[in-house]
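In this note's numbering, the protein residues as written are 234 to 678.
Cβ atoms here follow ideal geometry from the backbone N, Cα and C, with glycine treated the same way.
Quick caveat: nothing in here was measured; it's all calculated off a predicted structure.
Quick notes on the structure that follows.
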Ligand code: G6P
Ligand code: MN
């Protein structure tokens, strides 16, 4: 089986390859093709993978190319993990937003819109190439903002593109753990958009155990979301929000912490990763060791500003490994081997949430088998959550429309309608600011 990874020179690729190395079953991935625009990044990552494969007799064969069609031809699965504009772009997303006093996080608020505006045209082009060159391939989209980008690609690929994120899985795992349950045996009642969802229940042996957690402040305060949101707020909500909702519920504090930080997340990662890729240019560098050190530092500092604002302290050791690769591998296995499983994924709504249309990509538990991912029926969201989901979906639709028409006015509308952008004038200046720094937005006229 051939797996193509777009953004194959990306830093997280060794996580995926590491997961593949642990799969020895029949029908596993035997060929990995890395595609990237940057040949130096490809060779850096290829070196790490070669070290990872040392001593593994059935390690998937790895090749690298900068030719998209060549990479896609014959692929059974395509992982799309690109970053349009690189980490410099992410840092600029943050900087321009902060200059206007709004959030520039890579997936939430103004930053997510800017990132979406430059990513959607590229992702759609990839989707068109896949439809042309590898029409039977399944595309697993990792690229952020994952829900929006998956929806853009689904316009060309239908249900053959599925978006993934590790945050709902991590959240479910943490809740199950504090309840003393095995995460694999729990049913997690979660729904929303990517980075905008809520756990409303967690069933073990047919019983909802979430009320037990919500009623116990000690238990509630003992894990990441309890620390991040505060036990009182979780009790008021009667649900456990995805960690990214911190940027909504504590927006002022988040903006302040970001503005006061010595470096924003994007700027930190830009510099940190540049160090890694530079080191890889030295022929004698120990690739895997350097990669692993860089990865550990990245994971330990994830969402540091948010945790600092909330006084949440260090991350739990158990939460350090994100788990993207595990979700991706589980999804790929379920499809390739028809091993039926349940995963929280980004798929088209169909009739799952009645407040959204059938084509809207949502994040929801799905049954997965050889026929793809099928969202399960869920209870409706409460009004405040439905309201946020509808507002943000409306913003995403303006981003898609702006990408299609190239209309600057539509891009302004996308920013202006976002609940975390508080003035149309701010939206106008954001479009000015972003188009001035991002060559990828030159299409907006
Ligand atoms: C979580 C999110 C991902 C995101 C990552 C960012 O895993 O679910 O969507 O890519 O964190 O981490 P970073 O280290 O880039 O800030
Ligand atoms: Mn995510």
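Contacts around residue i, its chain only, beta-carbon distance under 6 Å, and the 5 residues preceding and following it disregarded
{"i": "residue 280", "result": "520"}
{"i": "residue 188", "result": "A question about residue 188 goes unanswered here, because the residues of the chain that appear run from 234 up to 678."}
{"i": "residue 249", "result": "558"}
{"i": "residue 278", "result": "242, 246"}
{"i": "residue 349", "result": "378, 381, 632"}
{"i": "residue 456", "result": "407, 411"}
{"i": "residue 366", "result": "302, 305, 306"}
Three-way DSSP call (helix, strand, coil) for residue i in this model
{"i": "residue 307", "result": "coil"}
{"i": "residue 459", "result": "helix"}
{"i": "residue 378", "result": "coil"}
{"i": "residue 474", "result": "strand"}
{"i": "residue 336", "result": "coil"}
{"i": "residue 582", "result": "coil"}
{"i": "residue 361", "result": "helix"}
{"i": "residue 264", "result": "strand"}
{"i": "residue 668", "result": "helix"}
{"i": "residue 559", "result": "helix"}
{"i": "residue 534", "result": "coil"}
{"i": "residue 372", "result": "strand"}
{"i": "residue 677", "result": "coil"}
With 16 other Cβ atoms within 10 Å as the buried cut-off, status of residue i
{"i": "residue 522", "result": "exposed"}
{"i": "residue 596", "result": "buried"}
{"i": "residue 493", "result": "exposed"}
{"i": "residue 571", "result": "exposed"}
{"i": "residue 290", "result": "exposed"}
{"i": "residue 323", "result": "buried"}
{"i": "residue 671", "result": "buried"}
{"i": "residue 646", "result": "buried"}
{"i": "residue 396", "result": "buried"}
{"i": "residue 288", "result": "exposed"}
{"i": "residue 547", "result": "exposed"}
{"i": "residue 581", "result": "buried"}
{"i": "residue 344", "result": "buried"}
{"i": "residue 428", "result": "buried"}
{"i": "residue 450", "result": "exposed"}
{"i": "residue 656", "result": "exposed"}
{"i": "residue 598", "result": "buried"}
{"i": "residue 605", "result": "buried"}
{"i": "residue 545", "result": "buried"}
{"i": "residue 459", "result": "buried"}
{"i": "residue 318", "result": "buried"}
{"i": "residue 517", "result": "exposed"}
{"i": "residue 495", "result": "exposed"}
{"i": "residue 532", "result": "exposed"}
Proximal residues to residue i (C-beta, below 8 Å), its chain only, five neighbours per side dropped
{"i": "residue 362", "result": "301, 302, 305"}
{"i": "residue 431", "result": "423, 424, 425, 470, 472, 473, 474, 475, 478, 614, 618"}
{"i": "residue 508", "result": "527"}
{"i": "residue 623", "result": "588, 589"}
{"i": "residue 416", "result": "405, 406, 409, 410"}
{"i": "residue 668", "result": "641, 674, 675, 677"}
{"i": "residue 283", "result": "295, 520"}
{"i": "residue 336", "result": "330, 342, 343, 344, 480, 484, 487, 488, 491, 653"}
{"i": "residue 565", "result": "236, 262, 310, 371, 373"}
{"i": "residue 257", "result": "291"}
{"i": "residue 664", "result": "641, 644, 645, 648, 677"}
{"i": "residue 562", "result": "249, 252, 253, 256"}
Cutoff 7 Å; reference residue i; Cβ partners in own chain excluding five residues on either side
{"i": "residue 272", "result": "299"}
{"i": "residue 660", "result": "645, 648, 649, 654"}
{"i": "residue 600", "result": "573, 575, 607, 609"}
{"i": "residue 602", "result": "567, 571, 573"}
{"i": "residue 270", "result": "299"}
_4-residue-minimum alpha helix (DSSP H) runs that sit fully inside the stretch 476-530, ordered along the chain_ = 479-482, 484-493, 498-512
*Please determine if the stretch 573-582 and the stretch 394-402 are in contact, where contact requires at least 3 C-beta pairs separated by less than 8 Å.*
yes
*Complete runs of the alpha helix (DSSP H) confined to the stretch 584-658 [at least 4 residues]*: 616-638, 641-650
_Which runs of the beta strand (DSSP E) at least 3 residues long sit entirely within the stretch 269-326? Give them in chain order._
294-298, 310-313
*Segments of 4+ residues assigned as alpha helix (DSSP H) that fall wholly inside the stretch 386-455*: 400-411, 443-447, 450-453
*the stretch 298-311 / the stretch 236-248 touching (three or more Cβ pairs under 8 Å)*: yes
*Evaluate contact between the stretch 257-277 and the stretch 289-296, counting only Cβ atoms and requiring at least three cross-stretch pairs below 8 Å.*
yes
*At a cut of 8 Å, does the stretch 376-395 reach the stretch 623-635 through at least three beta carbon pairs?*
yes
*asked:* Contact between the stretch 389-400 and the stretch 457-467 is defined here as three or more beta-carbon pairs at a separation below 8 Å; is this criterion met?
replied: no
*Does the pairing of the stretch 342-358 with the stretch 635-642 give three or more beta-carbon distances under 8 Å?*
yes
_Whether or not the stretch 323-333 and the stretch 497-516 are in contact is what I'm after, with contact meaning three or more pairs of Cβ atoms, one per stretch, closer than 8 Å; do they touch?_
yes
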